[in-house]
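Residue numbers are given in my numbering: position 121 of the sequence shown equals residue 180, and the series is strictly consecutive. Each residue gets a CB set at the ideal place from its N, CA and C atoms; glycine is no exception. What follows is a short report on a single structure.
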Amino acid sequence: MNPVYTLLSAVYILAIFLLADSGVVSRLAEFNPYSLLHIPLYGTLTLLILLSLCTGKGTYSPKRLIASGFIAGIVGAMDELYQAFIPTRDGSGGDVLLDVLGVAIALMVFRRFFPVLETKFRLRAKRD
Numbered sequence: 060m061n062p063v064y065t066l067l068s069a070v071y072i073l074a075i076f077l078l079a080d081s082g083v084v085s086r087l088a089e090f091n092p093y094s095l096l097h098i099p100l101y102g103t104l105t106l107l108i109l110l111s112l113c114t115g116k117g118t119y120s121p122k123r124l125i126a127s128g129f130i131a132g133i134v135g136a137m138d139e140l141y142q143a144f145i146p147t148r149d150g151s152g153g154d155v156l157l158d159v160l161g162v163a164i165a166l167m168v169f170r171r172f173f174p175v176l177e178t179k180f181r182l183r184a185k186r187d
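So, in structure tokens, the structure goes:
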């Protein structure tokens, strides 16, 4: 595992849970009526987890893709469960679906562009 991305992933997850009970979320809710910010929030988390699992050239595998999506999805579900116990918030199944949509989009983007990036970096490394 890549320690830098692992630490970033952990800090990101911690921030999601700590900010769930803050006034920042209430202020953001004015600009986010359909909770669509869940999509990039959990898409970013998925990419961070994926980068922590794929540590170098040749370490990308479908199992790691699935593992990162599963971890991010579980974090999304746990966050909504946690919000159900916060007096000023409520847990929502719709938000979990938006979290999973963000995870799925991030995985599709990674799967589409990772081979291109890997080839590009490999060619650049050969030239240097």
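query	result
For Cys113, the nearest candidate out of Tyr101, Gly102 and Ser127 (CA to CA)	Ser127
Check whether Gly161 and Ile98 have beta carbons under 9 angstroms apart	yes
Cβ pair count under 8 angstroms reaching 3, the stretch 136-145 against the stretch 65-83	yes
Range of the contiguous alpha helix (DSSP H) that encloses Asp138	Pro121 to Ala143
Arg148: first and last residue of the uninterrupted alpha helix (DSSP H) it sits in	Unbroken run through Arg148: none, as it is neither H nor E.
Which listed residue (Gln142, Ala165, Leu124 and Leu104) has its alpha carbon closest to that of Thr65	Leu104
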